[in-house]
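J.: Quick one: the structure is below, and I'll ask about it shortly.
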Amino acid sequence: MRAVLKITIAVVLVLVLALVAAWMADRPGVIAVDWLGYRIETSVGVLIAIIIVLAAVLAALARLALFAARGPRYLAGRRRAKRRQTAERALVRGLVAVAAGDARDAKKQAIAAETATDGSPLSLLLAAQAAQLNGDSGAAERAYKLMLENDETKFLGLRGLIVLARRRGDNDMALAHAREAQALRPGAPWVASEIFGLQAALGEWSAAEETLAGALRHKLIEGAKGKRHRAVVQLGQVDAAIARGDSREALTLAESAHALAPDLVPATTRLARLLADAGKQRKADRLLENAWAHQPHPDIAEVYGAIAPDLPEEERAKRLATLASINPAARESRLLAAEQALVRRQWAEAREALMVLVANSEATRRTYDLLAELERREKGDQRRAAEWQEKAATGESEPRWFCHTCGHTPVKWSPHCPACHSFDSLEWRAPGAISEILPPPAAPADGTVPAADVARATG
Ligand SMILES: [Zn+2]
């Protein structure tokens, strides 16, 4: 359509020009210019042609001047757009490489992004993440510190620095950074739980409890989780009170912790010990028996045996066998019953309990060890004992305390992991569970910043 219109206009224009030329040819005349001693004589047609040529030349000159003035700006704009595109591509590729754990590509893209943007906040974040992925915590720290200079990325920079400090075990520094982060965003649940965890790791129990109360008030921590956290904090306070010999304070706190988390075995065992120490043996017994009925756990049996210190061995074995009989079908009960039967030289009783475990495919290394001991002690049958021992060598281990942050397996439970100081990270778990084969969870241990935070920081 446009082409047809253009052709039509051109044809009309040529026709008009031809008509004008014809009209001029019919009316000849001369135009004379007399100026500064010069005299020019020409026809009207030539004059009009000269004017038209002059106008065309002027128009071309004006266009050229305009291009000379605007050209560099136009070219620079195009270069900028191209650089922005390069930077954006490098950033996206780099963040994907970080997410994929590709350290080499992450570093390459980080360098590209930094060059293309002259160190924009987002390229700094990528540089820090890539450095962390490459295990270069010095470079990561430098990048995070540069992020502190920009209001928009300060929070993310602090978050990175907190994780780095926590990883090198500098909890004081981590706490200082976390407080700065809290001043920036008082309502961030992550900061509240970080401050709480650090205070707990530092053993600042009352401060931790205050932080927790605040977080619960502002609904930064979910109710059930908060309850569990409070119970564990109070157990930390119980241990501290026991250490300074304040058993009354310890008992009050243990009662509160047990009320908050009745299923938490360490709360039950601590309370039982303190009750027995305070002369409330019957109450302590009932507490442990009740717990055994719900979840038989070796720590409960250990305390049940320990809080009756004056009993002769035979009587203590009977006492523990009674505990086992409260929940007789449980695996832990059968093991306890077998162990106590061996103490009392009740071979048939021990054999029965152990063989049920073998028949139920619930036998572990501990089961086979007990069977070997039984064969040796009852009949002196070294051959049979060796056979069981062989099974024990390849058998499954017993459940144990396991830190889900660092994989450490301490003998005893404590409010925070003795190896990595993570708060409330120990759980009772059978070895070989799938999460143990996989590396420990990436966040927060590796400190990469969740995508949601990146989105928030960059708008
Ligand atoms: Zn740990």
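Residue 2 is where the sequence shown starts when you use the numbering used here, and the numbers rise one by one after that.
C-beta: ideal position from N, C-alpha, C; glycine also.
Treat the numbers as computed from the prediction; the structure is a model and nothing was measured.
Taking the C-alpha atoms as reference points, what is the distance between residue 28 and residue 34?
T.: Their backbone Cα atoms lie some 19 Å apart in a straight line.
J.: Shortest alpha-carbon distance to residue 404 belongs to which of 430, 367, 140?
T.: Among 430, 367, 140, the Cα nearest to that of residue 404 belongs to 430.
J.: Taking buried to mean at least 16 other C-beta atoms within 10 Å of its own C-beta, is residue 444 buried or exposed?
T.: In this prediction, residue 444 has a pLDDT of 42, which is less than 50 and means its spatial position is unreliable; what the coordinates show is noted afterwards. So residue 444 ends up on the exposed side.
J.: Less than 8 Å between C-beta atoms, sequence neighbours within five positions excluded: which residues of the same chain meet that for residue 234?
T.: Answer for residue 234: 201, 206, 209, 210, 213, 416, listed in chain order.
J.: Would the segment 285-293 count as touching the segment 246-254 if we require 3 or more Cβ pairs under 8 Å?
T.: Contact fails: fewer than three Cβ-Cβ distances are below 8 Å.
J.: Compute the Euclidean distance between the alpha carbons of residue 341 and residue 319, then round it to the nearest angstrom.
T.: When rounded, the distance between both Cα atoms is 7 Å.
J.: For residue 44, which of helix, strand or coil comes out of DSSP?
T.: In the structure shown, residue 44 sits in a strand (DSSP, three-state: E or B).
J.: Looking only at C-alpha atoms, which of 317, 256, 313, 4 sits nearest to residue 268?
T.: With distances taken between Cα atoms, residue 268 lies closest to 256.
J.: Note down the Cα distance separating residue 26 from residue 10, rounded to an integer number of angstroms.
T.: Taking the straight line from one Cα to the other gives about 24 Å.
J.: At which residue ranges does the segment 323-397 contain complete alpha helix (DSSP H) runs of 4 or more residues, listed in the order of the chain?
T.: Those alpha helix (DSSP H) runs which fall completely within the segment 323-397 and span 4+ residues are 332-344, 348-360, 366-380, 383-395.
J.: Beta-carbon distances below 6 Å to any heavy atom of ligand 1 define the shell here; list its residues in chain order, please.
T.: Having a Cβ closer than 6 Å to some heavy atom of ligand 1 are 404, 406, 407, 409, 418, 420, 421, 423, 426.
J.: Flag this pair as yes or no: are the beta carbons of residue 227 and residue 236 separated by less than 7 Å?
T.: No, the Cβ-Cβ distance between residue 227 and residue 236 is not below 7 Å.
J.: Between 52, 261, 264, 419, which lies nearest to residue 406 when the distance is taken from Cα to Cα?
T.: Ranking the options by Cα distance to residue 406, first place goes to 419.
J.: Could you check if residue 6 is buried or exposed, using at least 16 other CB atoms within 10 Å of its CB as the buried criterion?
T.: So residue 6 ends up on the exposed side.
J.: Judging by CA-CA distance, which residue of 311, 262, 148 is the nearest neighbour of residue 160?
T.: Measuring from the Cα of residue 160, the nearest candidate turns out to be 148.
J.: Less than 8 Å between the CB atoms is what I'm expecting for residue 104 and residue 134, so what's the real figure, rounded?
T.: At roughly 4 Å, the Cβ-Cβ gap stays under 8 Å, so residue 104 and residue 134 are in contact.
J.: Just to confirm my understanding: we take residue 172, look at its own chain, exclude 5 residues before and 5 after, and list those with CB closer than 6 Å. What are they?
T.: Around residue 172: 199, 202, 203.
J.: On a Cα-Cα basis, can you pick out the residue from 83, 304, 350, 162 that is closest to residue 129?
T.: Closest by alpha carbon: 162.
J.: Since I believe residue 196 is in contact with residue 177 (beta carbons under 8 Å), could you give me their beta-carbon distance rounded to a whole number of angstroms?
T.: About 10 Å; that fails the 8 Å criterion.
J.: Run through DSSP, which three-state label would residue 171 get?
T.: Three-state result, residue 171: coil.
J.: State the start and end residues of the unbroken beta strand (DSSP E) segment that holds residue 31.
T.: Note, residue 31: beta strand (DSSP E), 31-36.
J.: Starting from residue 231, trace the alpha helix (DSSP H) both ways and give me its first and last residue.
T.: That run of the alpha helix (DSSP H) goes 224-244.
J.: Which of helix, strand or coil does DSSP assign to residue 401?
T.: Residue 401 falls in the strand class under three-state DSSP.
J.: Near residue 440, what residues of its chain come up, given a Cβ to Cβ distance below 6 Å and the 5 sequence neighbours on each side ignored?
T.: Note that residue 440 has pLDDT 46, beneath the 50 cutoff, so the model's placement of it is unreliable and no number is given.
J.: What's the C-alpha gap between residue 350 and residue 238?
T.: Taking the straight line joining both Cα atoms gives about 43 Å.
J.: Would you be able to state if there are at least three C-beta pairs under 8 Å between the segment 344-360 and the segment 371-384?
T.: The answer is yes - the segment 344-360 touches the segment 371-384, with three or more Cβ pairs under 8 Å.
J.: Could you tell me the distance, in whole angstroms, from the CA atom of residue 245 to the CA atom of residue 112?
T.: Rounded to whole angstroms, residue 245 to residue 112 spans 55 Å at the Cα level.
J.: Let's see if you can read the secondary structure: which residues bound the beta strand (DSSP E) around residue 427?
T.: Residue 427 -> beta strand (DSSP E) spans 427-430.
J.: State the Cα-Cα distance for the pair residue 535 and residue 280, rounded to the nearest angstrom.
T.: In this structure the chain extends from 2 to 460, so residue 535 is not present and cannot be described.
J.: Check whether the Cβ atoms of residue 144 and residue 117 sit closer than 7 Å, and answer yes or no.
T.: Result no, Cβ atoms of residue 144 and residue 117 do not sit closer than 7 Å.
J.: What residue does the alpha helix (DSSP H) around residue 7 start on, and which one ends it?
T.: It spans 3-27 - the alpha helix (DSSP H) in which residue 7 sits, taken as one unbroken run.
J.: Could you tell me the boundaries of the alpha helix (DSSP H) in which residue 295 lies?
T.: Here the alpha helix (DSSP H) through residue 295 covers 282-295.
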